[in-house]
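Protein chains in written order, with this note's numbering: chain A, 23 to 588; chain B, 863 to 1172. Take a look at the structure below.
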Amino acid sequence: MYIKKDKPRIHPAIPDLAKDLKNGNIDRREFLRTSTLLGLSAGAAYTMANNLTGIVNTVVPAANAQTPKKGGTFRVSMEVQEMTDPSTFDWVQKSNVARHINEFLTITGTDNVTRPYLAEKWEASDDLTEWTLSLRKGIKWHNGDEFTAEDVAFNFNRWLDPATGSSNIGLFSAMVEDVDTGEKNDDGTPKMTKRAIDGAVEIVDDHTVKIRNKQAVLAIPENLYNYPTMIVHRGFQGDIGKENNGTGPYQLADFAIGEKAILKRTDKPYWGGEVYLDEIHYYDHGSASSAQMAALASGQVDSIYEFDIGSLQMAQNMPGYSIYEAKTAQTAVCRMQVTQKPFDNKMLRQAMMHAIDTSIYPKFVFQGRGVSAEHHHVAQIHPEYFQLPPVKQDFEKAKKLLADAGYPNGLEVTIDVGNTNGPWQQHTCELMKEQLANIGVTLNLNVIPSSKYWEIWDKTPFGITAWTHRPLGTMVLSLGYRSGVPWNESMYASAEFDAALDKAESLVDVDKRRAAMEDVERILQDDAVILQPIWIPKFFAASDKVKGLEAHPTQYHQFHKVWIDA
Amino acid sequence: MLILIARRLGSMVLIMFVVSVILFGIFETDKLAVAGKVLGPYSSIEQRELWLDQNGYNQSFWTRYVIWAGNAMRGDFGQSLQLKVPVSEVLWPRLANTGILALFLFAIMIPLSLFMGVMAGMKEGSFQDRSITVFSVLTTSIPEFASATLLTAIFVFTLGWLPGTSSMTGGFSFKELILPVLVLLLYDFGYITRMTRASMAEVMNSQYIRTAILKGLPYKRVIVRHALRNALIAPFTVIVLQLNWLLSGVIVVEVFFAYKGFGKLLLDAALFGDIFVIEACTLVAVFVAVASQFISDIGYTYLNPRIRFS
Chain A
23 MYIKKDKPRI HPAIPDLAKD LKNGNIDRRE FLRTSTLLGL SAGAAYTMAN NLTGIVNTVV
83 PAANAQTPKK GGTFRVSMEV QEMTDPSTFD WVQKSNVARH INEFLTITGT DNVTRPYLAE
143 KWEASDDLTE WTLSLRKGIK WHNGDEFTAE DVAFNFNRWL DPATGSSNIG LFSAMVEDVD
203 TGEKNDDGTP KMTKRAIDGA VEIVDDHTVK IRNKQAVLAI PENLYNYPTM IVHRGFQGDI
263 GKENNGTGPY QLADFAIGEK AILKRTDKPY WGGEVYLDEI HYYDHGSASS AQMAALASGQ
323 VDSIYEFDIG SLQMAQNMPG YSIYEAKTAQ TAVCRMQVTQ KPFDNKMLRQ AMMHAIDTSI
383 YPKFVFQGRG VSAEHHHVAQ IHPEYFQLPP VKQDFEKAKK LLADAGYPNG LEVTIDVGNT
443 NGPWQQHTCE LMKEQLANIG VTLNLNVIPS SKYWEIWDKT PFGITAWTHR PLGTMVLSLG
503 YRSGVPWNES MYASAEFDAA LDKAESLVDV DKRRAAMEDV ERILQDDAVI LQPIWIPKFF
563 AASDKVKGLE AHPTQYHQFH KVWIDA
Chain B
863 MLILIARRLG SMVLIMFVVS VILFGIFETD KLAVAGKVLG PYSSIEQREL WLDQNGYNQS
923 FWTRYVIWAG NAMRGDFGQS LQLKVPVSEV LWPRLANTGI LALFLFAIMI PLSLFMGVMA
983 GMKEGSFQDR SITVFSVLTT SIPEFASATL LTAIFVFTLG WLPGTSSMTG GFSFKELILP
1043 VLVLLLYDFG YITRMTRASM AEVMNSQYIR TAILKGLPYK RVIVRHALRN ALIAPFTVIV
1103 LQLNWLLSGV IVVEVFFAYK GFGKLLLDAA LFGDIFVIEA CTLVAVFVAV ASQFISDIGY
1163 TYLNPRIRFS
């Protein structure tokens, strides 16, 4: 329903959002985030918010505070991993190298507001099932081809094909349906697979794509900046590094896994305006923050990807360097595979959950930083977070549950710990071991190398897995807990949960969505699929000569406006 | 002597053969696991079987072993699963990097530890002997990761004199070698020093040295002409065997300083399960072990006439 033919359409939910902001039902940040998701430009959203609240708080990028200088090389210490198909990326580090070559349809900034990128604008149907993406014109691939709707359709079709093996199939679950393969599983049940629904992706014209969902989905623009949704050329053969054909301002000049990735600014005109750095160099000093910190301290690099909490004091004592801290929804979940013994017993899982007091973890694991979690993988900083009654540590209740589960004398369980995003994971499990001992559960820690953990992360009965930040809680729930999606490591399958998540994802009204999240969070918490003690902050450090840097909660590297004050 | 060399070479070949069979047996008997490693954890059984068929894995164990061993002798170890390049493309440069580290280490450590050991052993029980012995024990007893942390804290974070990592990203740099060499030197020189000291002390207590001193030969001449040659036989063997130690002993140092050497390559391959790199590195390590043993045996025989003529 268009207001006037010659004026840009405003989604009918935006006036309601404006009313909510004015009445104080939602905060400014939530208004900005949701209105931009519904297709309002960031500038218009900020202006509207300023007018409604009377607060002038335009976000001025830090880079603009001084006159940027062009040129120079920005050197970053970060693991350089194999980089082939972006749709199957499973590490942010991979996407950070590729991010300068290939781009996304949308971009979510450090302010959590999603803005247009390769897509110039988008419009959602009133019922949020159809999204029309209008692509920017005049963008060229490095090989000279024009960026068109065909490229976007090619990417969507790859993501939605189970043969690609992309986690995006979980993210865009409303665009696919379950179908019977005609084969049988070992237990005789039909073997199911997923395929795109009819008309899921439609090319309207050269620069317009329409995507359709089975049910309403609000988070499409935010999903389009999830790191495996990088847009590749329609002729993509499967190796982004070798093909080196993107729409971004840089191209790969040299690349060696485990050593370096050298990006140089392309001599072709860049559609996105001026970028300042001539080159971006990534050097692999290993994942240990001690080597990365040593490289930074001796001026071998200008910045590092991250450092762990144990290095915080050291970083604070380094003159000439700044620490960047991001509050995030990054975490690690002690997830139990509900299809394997003894974790197929819900009462056992609940008993373990009730033995844990999450309030002590920030103090003992993260020097007072971080926030206690609530065993449902939705963070307090997520806009749709609903505060459930706290899960209290109750040893008597836990013991009774354990006895009812068939373990009156307790039991011994082993958790695989890969310390994949730092030794804090092990510290967390050690603390948990002490708490579980109170109800007779002996927790053994099987500490293994991080690379070994990633071989078994979706197979082990009990393991602690790191999950990165995503701007919406529903995004990670869709990726990790929906029935049958590739990253569902706990093998959790609940029609009730899926339906509750569908409902929450379809609501624009913030209060209604938050209310709908009550069911989502409660079902997951009641089923005790995960033990989740803490949300962690992320840190990195950089030389003071580097300007325009900001800490992105997902640790995405956005260097277009970064410059070196040589 | 020639017979001895031939025997030693024969045993070298036999050891290499046995180790290579064991290695091949461990890593390549479970063919589906190999295909799983190559194609990834999400590959289907059908895909793995197809790959096995296309890559000749359906031949007998010994046929596959002969082909594999033949390729390995030509330097073809297959493709690294992690690094996505032929194994030989990374193996030799990484080995050369560790060789560079070893060269600088030995160039400093051998003269230093021999000199210190001889000085200590010349006058057993003297202040000089005790000081050198205590210092040697002290440095050897500090693990490499501890001395690396300590030296980094001093020279990188506090004084800012030295680079904190040794990746050589800007090309070869002597400065980047200083800390890794220093850590290895601190750890290893005490061992050679104490071996030399023990050997020297034993020689100095022997009858012929006493006789030489009693018959009035100048002390310096007794040391240089009579004691030193015999005292250096045992340290020579130990020094040659350090080559073997170095291949695995440098892992801590290479990881700490992000030095792209053989030890780091082996560790990364082991953690990733990069079987073709592990196979290549193991073969090279075993070759270095038996070759250094061979050099040590021949050298010892050459230096010690009692063994040569018996």
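Where is the CB? At the ideal position from N, CA and C, for every residue including glycine. Quick caveat: nothing in here was measured; it's all calculated off a predicted structure.
By Cβ distance below 7 Å, which residues in the same chain neighbour residue i in space, the five residues on each side in sequence not counted?
| i | result |
| --- | --- |
| A:D366 | V360 |
Keeping to the same chain, check which residues put their C-beta closer than 8 Å to that of residue i; ignore five residues upstream and five downstream.
| i | result |
| --- | --- |
| A:D276 | K282, A283, I284 |
| B:Y1162 | I1095, F1098, T1099, I1169 |
| A:R55 | N134, V135, T136, P405, P493 |
| A:L467 | T436, I437, V439, Q448, C451, E452, K455 |
| A:S117 | P108, F111, Y249, P250, M252, Y578 |
| A:V98 | I302, H303, Y304, Y305, V323, D324, S325, I326, Y327, H579 |
| A:V201 | M214, T215, K216, R217 |
List, in chain order, every chain A residue whose beta-carbon is nearer than 8 Å to that of residue i.
| i | result |
| --- | --- |
| B:L1128 | Here the premise fails: no neighbours, minimum Cβ distance about 13 Å. |
| B:G1026 | A313, M315, A316, A317, L318, A319, S320, Q322 |
| B:V1148 | Residues of chain A passing the Cβ test: none, with the nearest at roughly 24 Å. |
| B:V1018 | A316, A319, S320 |
Taking C-beta pairs closer than 7 Å, name the residues in chain A that residue i reaches, listed in chain order.
| i | result |
| --- | --- |
| B:K1122 | E281 |
| B:L1133 | P471, S473, K474 |
| B:T1014 | A316 |
Comparing alpha-carbon positions, which option in the options lies nearest residue i?
| i | options | result |
| --- | --- | --- |
| A:G257 | A:E152, A:T496, A:N177 | A:N177 |
| A:G552 | A:M513, A:Y304, A:Q577, A:Y578 | Rather than Gly, the amino acid found at residue 552 of chain A in this sequence is Ile. Ranking the options by Cα distance to A:I552, first place goes to A:M513. |
| A:S189 | A:D566, A:R544, A:I556, A:G506 | A:G506 |
| B:V952 | B:A1142, B:D1159, B:F1134 | B:A1142 |
| A:Y407 | A:P508, A:A537, A:S333 | A:A537 |
| A:H229 | A:R50, A:K363, A:F169 | A:F169 |
| B:R926 | B:L945, B:E1006, B:A1120, B:T891 | B:T891 |
| A:L334 | A:A222, A:T350, A:A354, A:M315 | A:M315 |
| A:Y327 | A:S320, A:M336, A:A313 | A:A313 |
| A:E477 | B:V900, B:I972, B:N1092, B:P948 | B:V900 |
| A:V369 | A:D416, A:G428, A:V387 | The residue you asked about is not Val; residue 369 of chain A is Met in the sequence shown. With distances taken between Cα atoms, A:M369 lies closest to A:G428. |
Just to make sure I have the definition right: I need the residues of chain B whose C-beta is within less than 8 Å of the C-beta of residue i. Which are they?
| i | result |
| --- | --- |
| A:H398 | Ordered by position in chain B, no residue passes the 8 Å Cβ test against A:H398, which lies about 28 Å from the chain. |
Using C-beta distances below 6 Å, list every residue in its chain close to residue i, excluding the 5 sequence neighbours before and after it, in chain order.
| i | result |
| --- | --- |
| A:G440 | I470, S472, Y475 |
| A:D541 | A522 |
| A:N79 | Low confidence applies to A:N79: its pLDDT is 44, below 50, so where it sits in the model is not reliable enough to give any reading. |
| A:K421 | I461 |
| A:P493 | T130, N134, E244 |
| A:A84 | Low confidence applies here, because A:A84 scores a pLDDT of 45, under 50, leaving its location unreliable; read the following figure in that light. Result list for A:A84: G570, in chain order. |
| B:A1147 | L1109 |
| B:G937 | S950 |
| A:K91 | W585 |
Buried or exposed: residue i, going by 16 or more other Cβ atoms within 10 Å of its Cβ?
| i | result |
| --- | --- |
| B:K1082 | exposed |
| A:R180 | buried |
| A:A517 | exposed |
| B:A1089 | buried |
| A:M497 | buried |
| A:D28 | Low local confidence applies: a pLDDT of 47 at A:D28 is under 50, so the model's placement there is unreliable, and no value is given. |
| A:D339 | Position check: residue 339 of chain A holds Asn in this sequence, whereas Asp was assumed. With fewer than 16 other Cβ atoms within 10 Å, it is exposed. |
| A:T89 | exposed |
| A:E511 | buried |
| B:V1115 | buried |
| B:S988 | exposed |
| A:E543 | buried |
| B:M935 | exposed |
| A:L150 | buried |
Can you pull the chain B neighbours of residue i, defined as C-beta to C-beta under 9 Å?
| i | result |
| --- | --- |
| A:A104 | In the sequence on display, residue 104 of chain A carries Glu and not Ala. Correct list: Q944, L945, K946. |
Taking Cβ-Cβ distances shorter than 9 Å, what residues in chain A pair up with residue i?
| i | result |
| --- | --- |
| B:T1001 | Residues of chain A passing the Cβ test: none, with the nearest at roughly 22 Å. |
Is it the case that the CB of residue i approaches a heavy atom of the ligand HEM more closely than 7 Å?
| i | result |
| --- | --- |
| B:D1050 | Among the components modelled here there is no ligand, and therefore nothing to report on the ligand HEM. |
Practice problem: Closer than 7 Å, Cβ to Cβ, to anything on chain B: give me those residues from the stretch 452-478 of chain A, in chain order. | Solution: P471, S473, K474, E477
Quiz item: What residues in the stretch 932-948 of chain B have a beta carbon less than 7 Å from any beta carbon of chain A?
Solution: Within the stretch 932-948 of chain B, the qualifying residues are Q944, L945, K946.
Quiz item: Which residues, taken in chain order from the stretch 216-248 of chain A, show a beta carbon closer than 9 Å to some beta carbon of chain B?
Solution: So the list is empty, because no residue satisfies the distance condition.
Self-check item: Residues of the stretch 299-311 of chain A with Cβ closer than 7 Å to any Cβ of chain B, in chain order
Solution: Y305, H307, G308
Self-check item: Interface residues of the stretch 1020-1048 of chain B facing chain A [CB-CB below 8 Å]
Solution: G1022, L1024, P1025, G1026, T1027, S1029, T1031
Quiz prompt | Near-chain A residues of the stretch 1098-1120 of chain B - C-beta to any C-beta below 9 Å | solution = V1117, F1118, F1119, A1120
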